[in-house]
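To keep things clear, I will list the structure first and then write my remarks on it.
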Amino acid sequence: MACKTIIWLGVIVLWGVLDKQGFVHGEPQVPCFFIFGDSLSDNGNNNNLLTSAKVNYQPYGIDFLTGPTGRFTNGRTGVDIIAELLGFNNLIPPFATADGLDILKGVNYASGGSGIRDETGQNLGAHISLGLQLIHHKVTISRITKTLRRNDIAEEHLNKCLYYVGIGSNDYVNNYFMPQFYPTSRLFSLQQYAGVLIDQYSLKLRALHQLGARKFALVGLGLIGCTPNALFSNGRNGTSCVEEMNSAVQIFNDKLKSLVDQLNNELSDAKFIYVNTTALLSGDLTSAGFKVFNVGCCPVGKNGLCIPSQTPCQNRTEYIFWDSFHPTEPVNKIAATRSYKASGPFDTYPIDISGLVQQ
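So the sequence shown is residues -26 to -1, 1 to 333, counted in mature numbering (1 follows the signal peptide of the UniProt record, and there is no 0).
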């Protein structure tokens, strides 16, 4: 499968909608925005952990207003852009530093290297698994309740928030497809493993619902078999993706979409949507100005992350990948825009984020 035709984006019709300062802010469409996930959303929670999965150094953040922050890209992440589209004047702070009244508008719990399973990412060092992110959210709820002084007011506030959950890639990249560290590929077929992940995921989402969440955006996995890391690790010449990894993604995503239907049927007071990352990020990219598909913009080390203080490419708008795993800000812009306001019938299901926040 040619990388240039299936890697990351669909035919782009929204290019240019979002520029670095191009957001009109008003009253936020939801009072608060809570984010759970991995390095695609992490904005600094790993900075003080003993882990190789942290990027609070240059050239990360080269296009971000305040420089390196712990975001795994050159500029803004997808959830940064979604926050701006929702009307927030300030980006959602990481749990590691969130304090004061800021938490009333939301908290980002995402942690690079984390997964649905607790052991996922242990090969990288310390991380904050999805289960631990839920524990951190309980801490936030206690602080919000204390600030608002009434349980019922706090509950009403939390019911109106948007809960964005994008996780699962590391359960493959830093678990299943690392047999030297984890036994999962010997214990489960891809079908079985996806079922195990979805069962564990469902339990955590139901726990989040019990904590007051009512508006859920569940984000599917991208084509992990087309990342520069996957191509390099599997000896590819840059013209084909790793089909087994992409097959794993498709199996997981199909089950996640079915879980959305199940949860919508069983939890009638909540609304769940599925964000179809492979639809947002597939197709011919050259018409959108992208030219480099199989390597990242920055020089990388053995771990696939940018080498500290090395000079990245100058033509960042032409690169899909920033390092060996993570997309550049231009890719994040388009994916975030299409998840917020779908431009095709397969982008989101059953509605997009802009529709979800109106529920």
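Glycine included, each C-beta is placed from N, C-alpha and C at the ideal position.
Original post:
Which class does K245 belong to by DSSP, given the choice of helix, strand or coil?
Top reply: Correct three-state label for K245: strand.
Subject >> Buried or exposed (CB count within 10 angstroms, at least 16 for buried), E218 >> reply: Around the Cβ of E218, a 10 Å sphere holds fewer than 16 other Cβ atoms; the residue is exposed.
Original post:
In terms of residues, what are the limits of the beta strand (DSSP E) holding L192?
Top reply: Unbroken beta strand (DSSP E) run through L192: K189 to V193.
Original post:
From what residue to what residue does the beta strand (DSSP E) around N268 run?
Top reply: From DSSP, the beta strand (DSSP E) with N268 extends over V266 to G270.
Original post:
In this structure, what does DSSP give as the bridge partners for I9?
Top reply: Note: I9 sits in a beta bridge opposite N82 and Y138.
Original post:
Quick one, which of N48, G278, S313 and S26 has its alpha-carbon nearest I56's?
Top reply: Comparing Cα positions, the closest option is S313.
Original post:
In three-state DSSP terms, what is I294?
Top reply: I294 falls in the strand class under three-state DSSP.
Original post:
Is there contact here, the region 26 to 43 with the region 263 to 283, by at least three beta-carbon pairs under 8 Å?
Top reply: Flag = yes, the region 26 to 43 and the region 263 to 283 touch.
**OP:** With DSSP collapsed to three states, give me the class of T25.
**Re:** Strand, per DSSP.
Subject >> Residue environment, E303, which counts as buried when at least 16 other CB atoms sit within 10 Å >> reply: By the neighbour-count rule (16 or more Cβ atoms within 10 Å), E303 is buried.
Subject >> A100 - containing alpha helix (DSSP H), residue span >> reply: Element bounds for A100: n/a, residue is neither H nor E.
Original post:
Under 7 Å between the Cβ atoms of C6 and K79?
Top reply: Result yes, Cβ atoms of C6 and K79 sit closer than 7 Å.
Subject >> Given 8 Å, three or more beta-carbon pairs between the region 138 to 147 and the region 5 to 20 >> reply: Touching, yes.
Subject >> Exposure label - A316; buried when at least 16 CB within 10 Å >> reply: So A316 ends up on the buried side.
Subject >> Buried or exposed (CB count within 10 angstroms, at least 16 for buried), D243 >> reply: It counts as exposed.
**OP:** Determine the direct distance from the alpha carbon of D235 to that of R180, and round the result to whole angstroms.
**Re:** Those two C-alpha atoms are separated by around 14 Å.
**OP:** Determine, using beta-carbon pairs with one atom in the region 36 to 47 and one in the region 291 to 309, whether at least three such pairs fall under 8 Å.
**Re:** Yes, since at least three Cβ pairs between the region 36 to 47 and the region 291 to 309 fall closer than 8 Å, the two stretches touch.
**OP:** Apply the 10 Å Cβ neighbour rule to V81 and answer buried if 16 or more other Cβ atoms are within range, or exposed otherwise.
**Re:** Label assigned to V81: buried.
**OP:** Within the same chain, show all residues whose beta-carbon is closer than 6 Å to that of V216, passing over the 5 residues directly before and after it, in chain order.
**Re:** Correct list, in chain order: G199, A204 and N208.
Original post:
Would DSSP call T260 helix, strand or coil?
Top reply: DSSP places T260 in helix when its eight states are reduced to three.
Original post:
Pick from T114, E292, T119 and L237: whose alpha carbon is nearest that of F69?
Top reply: It is T114 whose Cα lies nearest to the Cα of F69.
Original post:
Short check: CB of I172 to CB of K229, under 7 Å?
Top reply: Taking 7 Å as the Cβ cut-off, I172 and K229 qualify as a contacting pair.
Subject >> Residues near T201 by beta carbon distance below 6 Å, same chain, minus five either side >> reply: Counting only Cβ-Cβ distances below 6 Å, and skipping sequence neighbours, we find F299.
Original post:
Residue range of the alpha helix (DSSP H) that H183 falls in?
Top reply: DSSP places H183 in the uninterrupted alpha helix (DSSP H) bounded by L164 to Q184.
Original post:
Going by the beta-carbon positions, is the gap between S85 and D92 smaller than 7 Å?
Top reply: Taking 7 Å as the Cβ cut-off, S85 and D92 do not qualify as a contacting pair.
Subject >> Outcome for S116 when other beta-carbon atoms lying within 10 angstroms are tallied against a minimum of 16 >> reply: The residue is exposed, with fewer than 16 neighbouring Cβ atoms inside 10 Å.
Original post:
What first and last residue would you give for the alpha helix (DSSP H) that runs through K231?
Top reply: Here the alpha helix (DSSP H) through K231 covers E217 to E240.
Original post:
Where V147 and V193 are concerned, what is the direct C-alpha to C-alpha distance, given to the nearest angstrom?
Top reply: Cα to Cα, the separation comes out at about 17 Å.
Original post:
With distances taken from CA atoms, which of L197, L98, I325 and T291 is nearest G263?
Top reply: In terms of CA proximity to G263, T291 leads the group L197, L98, I325 and T291.
Original post:
Can you tell which of S232, I77, K307 and F226 has its C-alpha closest to the C-alpha of L254?
Top reply: The shortest C-alpha separation from L254 is found at K307.
**OP:** Note down the Cα distance separating R275 from I118, rounded to an integer number of angstroms.
**Re:** The residue you asked about is not Arg; residue 275 is Gly in the sequence shown. Cα-Cα distance, rounded: 41 Å.
**OP:** My understanding is that G196 touches T252, with C-beta atoms under 8 Å, so please give their C-beta distance in whole angstroms.
**Re:** Between G196 and T252 the beta-carbon gap is near 7 Å, inside 8 Å, which marks them as a contact.
Subject >> Exposure label - E1; buried when at least 16 CB within 10 Å >> reply: E1 should be labelled exposed.
Original post:
P301: buried (16+ other C-beta within 10 angstroms of its C-beta) or exposed?
Top reply: Here P301 is buried. Its C-beta has 16 or more other C-beta atoms within 10 Å.
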